[in-house]
Amino acid sequence: MALENGCGCFAARYIMAVMSFFGFTLVYMLRTNVNLAIVAMVNYTALANSSKPPEDSTQCIVEGGNSSGLLDPNDDGPFVWNESVQSLVSSAFFWGYLITNLPGGRLAELFGAKWLFMGSQVLCGIINLLMPVAAYGANGGPGLIIATRALLGAAQGVSFPSMHVLLAKWAPPQERSKISTIVYAGSQIGTVVGLPLTGLLIDTLGWESVFYVQGCIPFVWAIFWSFLVYESPEVHPRISEKEREYILKSTKPKSSKHQKVQVPWKSILTSLPFYAILVANVCNNWGFFILLTEIPIYMKNMLHYDIKSNSLISAFPYLVMWIFSLIFSPIADALNKKKILTLTWVRRLFNAIGHGGPAICLIVLAFAGCNEILTLAMLTMSVGLQGAIYSGWFSNHIDIGSNFAGTMFGITNAVSTIPSWVGPLTVGFITTGNQTLEAWRIVFLMTSGVLLINVVFFTLFGTAEEQPWNCIQTGSSEDLEKSEADKDECEEESNKKN
Numbered sequence: 001m002a003l004e005n006g007c008g009c010f011a012a013r014y015i016m017a018v019m020s021f022f023g024f025t026l027v028y029m030l031r032t033n034v035n036l037a038i039v040a041m042v043n044y045t046a047l048a049n050s051s052k053p054p055e056d057s058t059q060c061i062v063e064g065g066n067s068s069g070l071l072d073p074n075d076d077g078p079f080v081w082n083e084s085v086q087s088l089v090s091s092a093f094f095w096g097y098l099i100t101n102l103p104g105g106r107l108a109e110l111f112g113a114k115w116l117f118m119g120s121q122v123l124c125g126i127i128n129l130l131m132p133v134a135a136y137g138a139n140g141g142p143g144l145i146i147a148t149r150a151l152l153g154a155a156q157g158v159s160f161p162s163m164h165v166l167l168a169k170w171a172p173p174q175e176r177s178k179i180s181t182i183v184y185a186g187s188q189i190g191t192v193v194g195l196p197l198t199g200l201l202i203d204t205l206g207w208e209s210v211f212y213v214q215g216c217i218p219f220v221w222a223i224f225w226s227f228l229v230y231e232s233p234e235v236h237p238r239i240s241e242k243e244r245e246y247i248l249k250s251t252k253p254k255s256s257k258h259q260k261v262q263v264p265w266k267s268i269l270t271s272l273p274f275y276a277i278l279v280a281n282v283c284n285n286w287g288f289f290i291l292l293t294e295i296p297i298y299m300k301n302m303l304h305y306d307i308k309s310n311s312l313i314s315a316f317p318y319l320v321m322w323i324f325s326l327i328f329s330p331i332a333d334a335l336n337k338k339k340i341l342t343l344t345w346v347r348r349l350f351n352a353i354g355h356g357g358p359a360i361c362l363i364v365l366a367f368a369g370c371n372e373i374l375t376l377a378m379l380t381m382s383v384g385l386q387g388a389i390y391s392g393w394f395s396n397h398i399d400i401g402s403n404f405a406g407t408m409f410g411i412t413n414a415v416s417t418i419p420s421w422v423g424p425l426t427v428g429f430i431t432t433g434n435q436t437l438e439a440w441r442i443v444f445l446m447t448s449g450v451l452l453i454n455v456v457f458f459t460l461f462g463t464a465e466e467q468p469w470n471c472i473q474t475g476s477s478e479d480l481e482k483s484e485a486d487k488d489e490c491e492e493e494s495n496k497k498n
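So for the sequence shown, full-length UniProt numbering puts the first residue at 1; every next one is plus one.
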């Protein structure tokens, strides 16, 4: 990994990025394992006997290899949970996630992101180890596992905001798309690795083993994170002076210490570029998490795939998303670096690709019927093209306000958790006792419409220009005069750009 500016093959910022990549691999492995495990946990035979399907039910006729996905008592789990309960178990994660996003971002800004991010992963490991106990608790009722999933969400709520704080310190603007993509690509790899691993563990050791095995992994990762990652270039003991100067010159940090900077709440909450990001995040989470939580159920009920095939096919779109993210990020950086497009139009373009492309695929999917090849192709592309968002709106918080990136991400991610759980619950409401192509058509068309709303709004109002309110003023009286001068200079630069 030869890098410009003579920073060497093992640049500290890329070591941070790779370790963060593995961190987000864990985030999504531990977040999504229940989406497939629940297929093995539920007693579908008992559900079929307790509810009569609608007479006009339209399902795909099974031919050949998928027949193992049909109801088989030997494949059943112990819990009689209908589609609505299954959606509750999956979406309960976001109840806790909603609560900790904003405080997570602010805590990272005030006290540092390194240990907050690590603590989140360790706590998630502990919670996963407790998941089977929660599932069997309350005589097999869903109450305890729903509460445990909410607790898992609370633990993970600090992960993205704290990482945005770390990236604001470590990622130079000209490399921001690339470094952000490396870091957040772990989200896709966590799904790509996690779902097949979940399927393998279920098939060989039973569904309980999923939570025991995967719950132990964060403890190993935390050891390496502790010694390899530092809060900022200023406190890293092994970074080269050339790399340190290169990063600090472009990121312009205020201090190596965690200063108590006042958040310009009014300015942020009345900023149209901020709302462009918020709308993008909300629409993205509606589409992303409906697909993430519901694809395994769709594969089981409509295409009749067994647990092994289900795990592999459900994971494949996220491998494609990861590949696309790696393709898009250097293109985005090159378009900006060579002045072909401004950074604002780079963000708008890749946002349109990341949401407009999937919207079109979902429209096709809605009318694909029982065409298996077309269905799988559209499912894959509707997820895969979302790899463009890391060069689009996802990095935009840092563009417009790097000093408050954690707080802003906390706000947008907190608000966007609402569609993250309302979306799957809506799918459960539409499909409970109604596993038909018509019901799923409504789901896919509705999701497509939500994604298109974001494409229009972000194209009109999104920008990558630093906003005047990003100029900081510390609470230290002795530095007040200097801070005011810096603020005036910063606002002048922003006004020139705008």
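Heads up, the beta-carbon is just placed ideally off N, CA and C, and yes, glycines get one too.
1. May I have the straight-line CA-CA distance separating Thr191 from Ala155, to the nearest angstrom?
2. Have a look at Leu349 and Asp399 and give me their C-alpha separation to the nearest angstrom.
3. Identify whether Val193 lies in helix, strand or coil by the three-state DSSP scheme.
4. Does the beta-carbon distance from Ala171 to Ala92 come in below 8 Å?
5. Restricting to runs no shorter than 4 residues, where is the alpha helix (DSSP H) found entirely within the region 228 to 279?
6. Taking just the CA atoms, how far does Phe79 sit from Val42?
7. Could you say which of Ile453, Ile239 and Arg347 lies nearest to Ala11 if we only look at CA atoms?
8. Nearest by alpha-carbon distance to Met16: which of Thr198, Trp115, Pro196 and Tyr230 is it?
9. What does DSSP give as the partner residue(s) for residue 545 in the beta ladder?
10. Under a three-way DSSP split, which group does Ala414 fall into?
11. Going by Cα to Cα distance, which pick from Tyr318, Ala366, Ala368 and Pro358 is closest to Ser382?
12. If we ignore side chains and look at the alpha-carbon of each, how far apart do Leu70 and Met163 end up?
13. What residue does the alpha helix (DSSP H) around Ser325 start on, and which one ends it?
14. Does the region 362 to 375 come close enough to the region 427 to 446 to have 3 or more Cβ pairs within less than 8 Å?
15. Count the other C-beta atoms from every protein chain shown that fall within 10 angstroms of the C-beta of Trp265, then say buried if there are 16 or more, exposed otherwise.
16. For Ser255, which residues in the same chain have their Cβ closer than 6 Å to its Cβ, ignoring the five residues on either side in sequence?
17. Report yes or no: do three or more beta-carbon pairs, one from the region 177 to 192 and one from the region 305 to 325, lie closer than 8 Å?
18. With DSSP collapsed to three states, give me the class of Gly369.
19. Given this structure, state the Cα-to-Cα distance separating Pro419 from Pro237, to the nearest angstrom.
20. Output the boundary residues of the alpha helix (DSSP H) element that contains Gln156.
21. Pick out whichever of Ser159, Tyr390, Asn454 and Ile38 has its Cα sitting closest to the Cα of Lys178.
22. What's the call for Ile223, buried or exposed, on a 16-neighbour Cβ count within 10 Å?
23. Would you say Ser180 and Ser416 are within 8 Å of each other, going by their C-beta atoms?
24. Rounded to whole angstroms, how far is the Cβ of Gly153 from the Cβ of Gly194, which I believe are closer than 8 Å?
Per the coordinate set shown:
1. Taking the first residue of the sequence shown as 1, we reach residue 191 at position 191. Taking the first residue of the sequence shown as 1, we reach residue 155 at position 155. CA-to-CA, the gap between Thr191 and Ala155 works out to about 18 Å.
2. Sequence index remark: in the sequence shown, residue 349 carries index 349 (1-based). Sequence index remark: in the sequence shown, residue 399 carries index 399 (1-based). So the two alpha carbons sit approximately 15 Å from each other.
3. Here residue 193 is taken as the residue at index 193 of the sequence shown, counted from 1. Correct three-state label for Val193: helix.
4. Here residue 171 refers to the residue found at position 171 when the sequence shown is read from its first residue. Here residue 92 refers to the residue found at position 92 when the sequence shown is read from its first residue. Ala92 sits away from Ala171, with the two beta carbons spaced by 8 Å or more.
5. Look at the region 228 to 279 and you find these whole runs of alpha helix (DSSP H), each 4 residues long or longer: 241 to 251 and 265 to 269.
6. Walking along the sequence shown from the start, residue 42 turns up at place 42. Walking along the sequence shown from the start, residue 79 turns up at place 79. Distance between the alpha carbons of Val42 and Phe79 is about 5 Å.
7. For the purposes of this step, residue 11 is taken as the residue at position 11 of the sequence shown. Looking at the Cα atoms, Ile239 is the closest of the given residues.
8. As a working note, residue 16 is residue 16 in the sequence shown. For the residues Thr198, Trp115, Pro196 and Tyr230, the minimum Cα distance to Met16 belongs to Tyr230.
9. One cannot answer for residue 545 here, as it falls past the ends of the chain, which runs 1 to 498.
10. On the sequence shown, position 414 is the one that residue 414 refers to. In this structure, Ala414 counts as helix in the three-state DSSP scheme.
11. Taking the first residue of the sequence shown as 1, we reach residue 382 at position 382. Relative to Ser382, the option among Tyr318, Ala366, Ala368 and Pro358 whose CA is nearest is Pro358.
12. Indexing the sequence shown from 1 puts residue 70 at position 70. Indexing the sequence shown from 1 puts residue 163 at position 163. With a pLDDT of 46 at Leu70, under the threshold of 50, the modelled position of this residue cannot be trusted; read the value that follows with caution. C-alpha separation (whole angstroms): 43 Å.
13. Reading the sequence shown from its first residue, position 325 is the one you call residue 325. Note, Ser325: alpha helix (DSSP H), Ile307 to Lys337.
14. Judged by Cβ distances under 8 Å, the region 362 to 375 makes contact with the region 427 to 446, as three or more pairs qualify.
15. Here residue 265 corresponds to residue number 265 of the sequence shown, with the count starting at 1. By the neighbour-count rule (16 or more Cβ atoms within 10 Å), Trp265 is not buried but exposed.
16. For the purposes of this step, residue 255 is taken as the residue at position 255 of the sequence shown. Interpretation of Ser255 is limited by its pLDDT of 43, a score under 50 that renders its predicted location unreliable; no figure is taken from the coordinates.
17. The region 177 to 192 is in contact with the region 305 to 325.
18. Working through the sequence shown from its first residue, we reach residue 369 at position 369. Reduced to three states, the DSSP call for Gly369 is coil.
19. Counted from its first residue, the sequence shown places residue 419 at position 419. Counted from its first residue, the sequence shown places residue 237 at position 237. Those two C-alpha atoms are separated by around 43 Å.
20. Counting from one through the sequence shown, the residue named residue 156 turns up at place 156. Per DSSP, Gln156 belongs to the alpha helix (DSSP H) from Gly143 to Gln156.
21. Here residue 178 corresponds to residue number 178 of the sequence shown, with the count starting at 1. Checked all of Ser159, Tyr390, Asn454 and Ile38; the closest Cα to Lys178 is Tyr390.
22. Position 223 of the sequence shown, counted from the start, is the residue given in the question as residue 223. That one is exposed.
23. Here residue 180 refers to the residue found at position 180 when the sequence shown is read from its first residue. Here residue 416 refers to the residue found at position 416 when the sequence shown is read from its first residue. When the beta-carbon positions are compared, Ser180 and Ser416 stay at least 8 Å from each other.
24. One-based indexing of the sequence shown puts residue 153 at position 153. One-based indexing of the sequence shown puts residue 194 at position 194. The pair is not a contact, with the Cβ atoms about 17 Å apart (cut-off 8 Å).
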